[in-house]
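K.L.:
Chains as they are written, first to last, in the numbering used here: chain Y, 476 to 807; chain F, 288 to 533.
From the three backbone atoms N, C-alpha and C, an ideal C-beta is built for every residue, glycine too.
Fair warning: this is a prediction, and the values are worked out from it, not measured in the lab.
The structure under discussion is supplied below as structure tokens; questions concerning it will follow.
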Amino acid sequence: MNRETPFERLVREALRASATTGPRGECLDAATVAALADGTLPADERVAAEAHAADCARCQALLAAMARSAVDVAPAHARWWRVPAIRWLVPITAATAAATAVVVWSVMPDRSASKPAIADIQLSQATMTPAREDRLRDEPDQKKSPPPAAVERRSEVAQSGANAFDRSSARAPGGAQERAKADVSEQVNAKAMPQSEARRSVEALENISGPIGRLIASPDMAVRWRLLSGGRVERSTDAGSTWQAQDTGVTVTLTAGASPAPSTCWLVGPGGVVLLSTDGASWRRAPFPEGLDLTSVRATDDKTAIVTASDGRTFKTQDGGQTWARIPPQDF
Amino acid sequence: MAGYAADLDLARRCADGDEPAWERFILEYRPLLYRAADALDPSGGARDLADSLYADLYGLKEQHGARQSLFRYYQGRSSLATWLRAVLAQRFVDRVRAGRRIEPLPDEQIGAGEEVTRLALRVAGEPNPDRRVYLSVARRALRLAIARLSNRDRLRLSLYYREDLTLAQAARALGEHEGTASRQLARTRRELRADVERQLRDDAGFSAAQTAECFAAAIENPGRLDLEELFDTAVESKKPVADRSL
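Here's what the structure looks like:
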């Protein structure tokens with residue numbers, strides 16, 4: 476519901492008509508914007524930055540983008556449960572949970588079979604926490620460790636996905652499970668999770684609520700693709716109301732795609748998999764020179780595309796994927 | 288800056304090609320960048336920007352035999368996470384704006400003079416021929432009033448109305464509390480109203496009735512409005528701020 480007053484509408488129009496963009500060199504750089512966001516910019520620099528941004532459309536958009544993207548800014552190592560100063564909370568939490576379970580158990584008049592089970596779950600979750608904390612602290616070395624924590628890791632991945640969804644609320648596409656699947660993909664890309672384990676995680680998530688998949692939008696709002704596990708791809712021509720499965724001829728889970736036209740779509744995946752559809756229905760595999768894990772693709776049409784590998788290298792084709800040339804990164 | 292020494296050390300080691308540092312960076316910061324990219328573009332369209340960022344951070348380009356990593360621009364003035372988000376936001380904004388240059392938005396297509404003409408044409412069927420003049424005068428007065436605001440007030444106003452941020456987001460962008468931002472926005476609107484009224488009365492010599500006509504001409508709905516409706520402080524203070532404060 477639009478509850479703006481007429482005066483506010485006038486203000487909005489006037490602001491949109493008046494903001495301009497100064498010469499590029501005068502705009503705020505990333506370091507200044509970041510320091511402004513973290514509150515570490517010296518007062519005089521902050522005043523100067525605000526003076527510029529007050530009349531610069533580009534910098535206003537940049538500050539707005541910073542505000543919108545301020546989801547979970549803490550990297551993995553700085554998550555609150557890994558802060559040494561509050562590690563004492565872990566045994567206290569465990570003890571409290573145990574005590575609560577005992578109290579609940581003792582005061583409940585009806586000791587049906589299900590209630591002890593709930594208490595047991597609470598207790599086991601609480602007592603599991605220190606081990607989980609230690610494992611998280613040693614996360615960078617996890618690749619070397621054996622996989623008994625695999626089940627726990629999967630639940631952690633799903634949990635982190637749910638948290639991310641909660642934080643970004645309505646903005647997140649899909650839902651918590653889609654986010655969890657994306658996080659699984661990220662873990663694979665970061666080589667923190669073996670492919671086989673990631674596959675099991677995705678399948679487990681799908682078993683909960685059916686296929687979800689990464690969405691790829693086309694210029695036509697009604698046409699979109701989604702990537703499912705095992706190389707499965709589906710296409711919708713009614714804005715996602717119904718989906719038609721398509722045969723890609725590959726079995727690896729594709730990681731990314733780009734659709735520069737409603738009937739054109741590029742898909743990439745691990746092992747140098749590049750797929751191209753030019754009719755919106757059938758797929759052909761484009762030859763790729765190396766067996767790299769490809770993580771993203773940008774495309775302007777059915778001839779030109781740029782793919783990025785998990786090691787950061789970027790390749791470009793201008794003949795529909797027949798030949799590829801490695802390209803240097805753009806100047807910053 | 289000392290607070291970000293660990294981040295700076297990680298960035299330096301990554302720029303120097305330290306593989307364990309790079310692995311640690313990928314592990315810890317990649318999910319963060321993806322979440323930021325998804326927040327910028329929920330359709331996933333910004334993820335390729337996040338991916339391309341890695342190539343620049345890794346430093347594929349060499350100069351004088353040394354890798355030119357984007358990390359060298361990180362000086363520890365903020366957390367590494369925020370800096371990465373700023374670089375991503377910068378690229379995202381530039382891409383969006385580049386797209387708009389190809390397909391201009393109506394606001395950017397039409398200059399100030401043309402806008403007046405366009406809106407005047409919209410009300411050309413009105414019986415009152417003075418509406419065209421009123422339209423021009425009202426908008427000019429408001430733009431002048433906005434230009435007279437302090438930089439911070441103008442920026443807050445722009446983030447809220449032009450960029451459509453929520454109150455909480457606008458407050459975060461300016462490093463102030465949401466309640467403070469709400470109060471400051473309300474004060475700014477009051478100042479704008481007072482300034483526009485003064486200009487119309489003193490500079491343009493408008494009567495109260497003409498001022499009302501002036502604002503009625505300026506809004507999109509050309510129906511008659513009086514100053515009480517336009518400048519209804521009570522209504523304004525209750526509704527609009529709360530509307531996008533989530």
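Chain B beta carbons: is any one of them nearer than 9 Å to that of L444(F)?
P.N.:
The question asks about chain B, but that chain is absent: this structure's protein chains are Y and F.
K.L.:
Can you tell me the Cβ-Cβ gap for S544(Y) and R372(F), rounded? I've got them flagged as a contact below 8 Å.
P.N.:
So it is a contact: roughly 5 Å between Cβ atoms.
K.L.:
Going straight from the alpha carbon of L503(Y) to that of A528(Y), what length do you get?
P.N.:
Spanning the two alpha carbons is a distance of roughly 8 Å.
K.L.:
If you measure from the beta carbon of D786(Y) to each beta carbon in chain F, is any gap under 9 Å?
P.N.:
It does: the Cβ of D786(Y) has a partner Cβ on chain F nearer than 9 Å.
K.L.:
Can you tell me whether Q719(Y) is buried or exposed? The criterion is at least 16 other CB atoms within 10 Å of its CB, across all chains shown.
P.N.:
Flag for Q719(Y) reads exposed.
K.L.:
Buried or exposed, going by whether 16 or more other CB atoms sit within 10 Å of the CB of D490(F)?
P.N.:
Exposed.
K.L.:
Between C301(F), A457(F), R384(F), L320(F), which lies nearest to L357(F) when the distance is taken from Cα to Cα?
P.N.:
Among C301(F), A457(F), R384(F), L320(F), the Cα nearest to that of L357(F) belongs to C301(F).
K.L.:
T475(F): which of S437(F), Y321(F), E463(F) sits nearest, CA to CA?
P.N.:
Out of S437(F), Y321(F), E463(F), S437(F) has the C-alpha closest to the C-alpha of T475(F).
K.L.:
Thinking G732(Y) and L702(Y) are a contact (beta carbons under 8 Å), I'd like their distance in whole angstroms, please.
P.N.:
Right, their Cβ atoms sit about 6 Å apart.
K.L.:
In whole angstroms, what is the alpha-carbon distance linking S445(F) and T480(Y)?
P.N.:
Looking at the two C-alpha atoms, the distance is approximately 16 Å.
K.L.:
Do A298(F) and Y361(F) have their C-beta atoms within less than 9 Å of each other?
P.N.:
Against a cut-off of 9 Å, the Cβ pair of Y361(F) and A298(F) comes out as a contact.
K.L.:
Taking just the CA atoms, how far does E484(F) sit from Q497(F)?
P.N.:
So the two alpha carbons sit approximately 11 Å from each other.
K.L.:
Got a sec: which bits of the stretch 364-375 of chain F sit with their beta carbon under 9 Å from any beta carbon on chain Y, in order along the chain?
P.N.:
Answer in chain order: R364, S365, S366, L367, A368, T369, W370, L371, R372, A373, V374, L375.
K.L.:
In the DSSP assignment, find the unbroken beta strand (DSSP E) run with F790(Y) in it and report its ends.
P.N.:
It spans 789-792 - the beta strand (DSSP E) in which F790(Y) sits, taken as one unbroken run.
K.L.:
At a cut of 8 Å, does the stretch 768-787 of chain Y reach the stretch 363-382 of chain F through at least three beta carbon pairs?
P.N.:
No, because fewer than three Cβ pairs between the stretch 768-787 of chain Y and the stretch 363-382 of chain F fall closer than 8 Å, the two stretches do not touch.
K.L.:
Looking at G363(F) and Y291(F), is the spacing between their C-beta atoms short of 9 Å?
P.N.:
The answer is yes: Cβ separation under 9 Å.
K.L.:
If you compare alpha carbons, which of I781(Y), D513(Y), T726(Y), S757(Y) is closest to P803(Y)?
P.N.:
Nearest C-alpha to P803(Y): I781(Y).
K.L.:
Could you please give me the residues that DSSP links to R699(Y) through a beta bridge?
P.N.:
Note: R699(Y) sits in a beta bridge opposite A692(Y), S711(Y).
K.L.:
Would you report the Cα separation of T515(Y) and L461(F), rounded to the nearest angstrom?
P.N.:
Those two C-alpha atoms are separated by around 12 Å.
K.L.:
I'd like to confirm the pairing. Which residues does DSSP put opposite L472(F) in its beta bridges?
P.N.:
For L472(F), which the question treats as bridged, DSSP gives no partner whatsoever.
K.L.:
T723(Y) and L742(Y): beta carbons closer than 9 Å?
P.N.:
Cβ atoms of T723(Y) and L742(Y): closer than 9 Å.
K.L.:
Quick one: Cα of E463(F) to Cα of R470(F), how far?
P.N.:
Going from the Cα of E463(F) to the Cα of R470(F) covers about 11 Å.
K.L.:
Just verifying my parser: in three-state terms, what is the DSSP assignment at Q355(F)?
P.N.:
Correct three-state label for Q355(F): coil.
K.L.:
If we ignore side chains and look at the alpha-carbon of each, how far apart do R654(Y) and E315(F) end up?
P.N.:
Reliability of the predicted coordinates at R654(Y) is poor, the pLDDT of 48 falling under 50, and the value obtained from them is presented with this limitation in mind. Looking at the two C-alpha atoms, the distance is approximately 17 Å.
K.L.:
Just grab the DSSP bridge partners of V743(Y) for me.
P.N.:
Paired residue(s): A731(Y), V749(Y).
K.L.:
Going along the stretch 468-488 of chain F in order, which residues come within less than 8 Å of chain Y, judged by CB to CB distance?
P.N.:
Correct list: R476, L479, R480.
K.L.:
Of all the options P737(Y), P745(Y), R788(Y), which has the alpha carbon lying nearest to the alpha carbon of D338(F)?
P.N.:
Nearest option by C-alpha distance: R788(Y).
K.L.:
Judging by CA-CA distance, which residue of P764(Y), G795(Y), A697(Y), P694(Y) is the nearest neighbour of R809(Y)?
P.N.:
Coverage of chain Y is limited to positions 476 through 807, which leaves residue 809(Y) absent and any answer about it impossible.
K.L.:
To which residues of the same chain is T712(Y) closer than 7 Å at the C-beta, ignoring the five residues directly before and after it?
P.N.:
Taken in chain order, the residues that qualify are A697, V698.
K.L.:
Could you please give me the residues that DSSP links to L503(Y) through a beta bridge?
P.N.:
DSSP output for L503(Y) lists no bridge partner at all.
K.L.:
So with CB distances below 7 Å, who are the chain F contacts of R773(Y)?
P.N.:
In chain order: D335.
K.L.:
Who are the near neighbours of S734(Y) in its chain, counting only those whose CB is closer than 8 Å to its CB and skipping five residues on each side?
P.N.:
Counting only Cβ-Cβ distances below 8 Å, and skipping sequence neighbours, we find I691, A692, S693, P694, V698, R699, W700, C740, W741, A774.
K.L.:
Go ahead and pull the three-state DSSP assignment for D296(F).
P.N.:
Of the three classes helix, strand and coil, the one that applies to D296(F) here is helix, per DSSP.
K.L.:
Can you tell me which of the three DSSP states V772(Y) falls into?
P.N.:
Strand at V772(Y).
K.L.:
Just to confirm, is the Cβ distance from A506(Y) to M541(Y) under 9 Å?
P.N.:
Contact: no.
K.L.:
If we ignore side chains and look at the alpha-carbon of each, how far apart do D328(F) and R384(F) end up?
P.N.:
Approximately 14 Å, taken between the alpha carbons.
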